[in-house]
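Q: Numbering (my numbering), first residue to last: -4 to 124.
Ideal Cβ positions, reconstructed from N, Cα and C, are used throughout, including at glycine.
The structure displayed is predicted, hence computed values, not measured ones.
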């Protein structure tokens, strides 16, 4: 692979987007993830928003209305920093270890179904723009 200026521009775009996405995810966790909450709503909210946005960005790229570099910033960077499969996995494992199988299954299945629905909705919304 030859490293060019475009590579570094993409690298910077992804990093910048990830910074802001990660900051927003941290805020969501601070605002919504409470010890007394039934589910980790902050993580769920971040993953749902990221899924919706990545659907919109994918539709805009497919229509030629969002450049690959802008997609790197928005989808790869921001949505990548915002969403978190690792935290989702850790939270589910904690539920299983605590014997809260119902919580784990609801969070697991609900997250997958709702995130897929958000991507689908995002694709549909992106076609409208």
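Below 8 Å on the Cβ atoms is my guess for residue 129 versus residue 105; work out the distance and round it to an integer in Å.
A: Any answer about residue 129 is impossible in this case: the structure gives the chain only from -4 up to 124.
Q: Assign residue 60 to one of three DSSP states: helix, strand, or coil.
A: By one-based count along the chain shown, residue 60 stands at place 65. Residue state, collapsed to three classes: coil.
Q: Kindly provide the ranges of any alpha helix (DSSP H) runs that are 4 or more residues long and lie completely inside the segment 8 to 69, ordered along the chain.
A: 36 to 57, 63 to 66
Q: Should residue 32 go down as buried or exposed, given a rule of 16 or more other Cβ atoms within 10 Å for buried?
A: Translated into the one-based positions of the chain shown, residue 32 becomes position 37. Counting Cβ neighbours within 10 Å, residue 32 comes out exposed, since fewer than 16 surround it.
Q: Do we get a CB-CB distance below 8 Å when we pair residue 32 with the residues of chain D?
A: The structure shown contains no chain D; it holds only a single protein chain.
Q: Tell me the DSSP secondary structure of residue -1 in three-state form.
A: Locating residue -1 in the chain shown gives position 4, where the first residue counts as 1. Residue -1: coil per DSSP, three-state reduction.
Q: Near residue 0, which residues of its chain fall below 7 Å by C-beta distance, leaving aside the five closest residues on each side in sequence?
A: Taking the chain shown and counting its residues from 1, one reaches residue 0 at position 5. No residues qualify anywhere along the chain.
Q: Roughly how many whole angstroms lie between the Cα atoms of residue 59 and residue 22?
A: If you number the chain shown from 1, residue 59 lands on position 64. If you number the chain shown from 1, residue 22 lands on position 27. Taking the straight line joining both Cα atoms gives about 32 Å.
Q: Report back the beta-carbon spacing between residue 120 and residue 51 to the nearest angstrom; my notes put them in contact at under 8 Å.
A: As a first step, residue 120 is located in the chain shown; it is residue number 125 there, counting from the start. As a first step, residue 51 is located in the chain shown; it is residue number 56 there, counting from the start. Correct: roughly 6 Å between the Cβ atoms.
Q: Measuring only the C-alpha atoms, how far is residue 179 from residue 40?
A: Residue coverage of the chain in this structure runs from -4 to 124, which leaves residue 179 outside it and unanswerable.
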